[in-house]
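The structure appears below as structure tokens.
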Amino acid sequence: MSSKNNYEEREVSNGGFALGLLVGATIGALAAMLFAPKSGPETRQQLKDLANQQKDKLRNQWEDTKINAAIAVDEAKEKLDTVADQTKEAVDVYADKAKGTVDQVAEGTKATVEKFQKRY
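Here the sequence shown is numbered in this note's numbering, starting from 84 and rising by one per residue.
Set out below in structure tokens:
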């Protein structure tokens with residue numbers, strides 16, 4: 084289970100890394116455009132195009148994150164159902180054993196009471 088947790092932690096940290104990389108690339112591109120020798124309208128259009136590209140990338144990343152979260156929730160539900168089923172089976176086994184023990188004790192007690200009644 085520990086290796087699975089490590090894998091999930093790496094997935095989370097990789098997502099953070101990807102987001103950091105995206106933000107860094109955006110800042111770098113903005114800085115390059117601002118310092119490039121272009122006219123104001125060209126620079127504004129370039130910034131607008133870059134902003135639209137980044138918006139699309141973020142939208143795609145958001146959709147991917149939602150899909151991955153839904154998959155993780157479904158997997159967790161399946162695991163929880165499995166654990167619940169296993170727990171129910173174990174409880175049923177112990178309940179049957181306990182019932183058998185109680186039945187044996189009851190029969191022994193009944194037999195003892197009958198012997199006692201026959202004596203007196």
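Every residue, glycine too, gets a C-beta built ideally from N, C-alpha and C. These figures come from a predicted structure and were not determined experimentally.
Worksheet item: Less than 8 Å separating the beta-carbons of residue 113 and residue 133?
Response: The Cβ-Cβ distance between residue 113 and residue 133 falls below 8 Å.
Worksheet item: Short check: CB of residue 109 to CB of residue 144, under 8 Å?
Response: no
Fill in: Whole alpha helix (DSSP H) elements within the stretch 143-183, 4-residue minimum
none
Fill in: residue 193 versus residue 179: straight-line alpha-carbon distance, rounded
When rounded, the distance between both Cα atoms is 21 Å.
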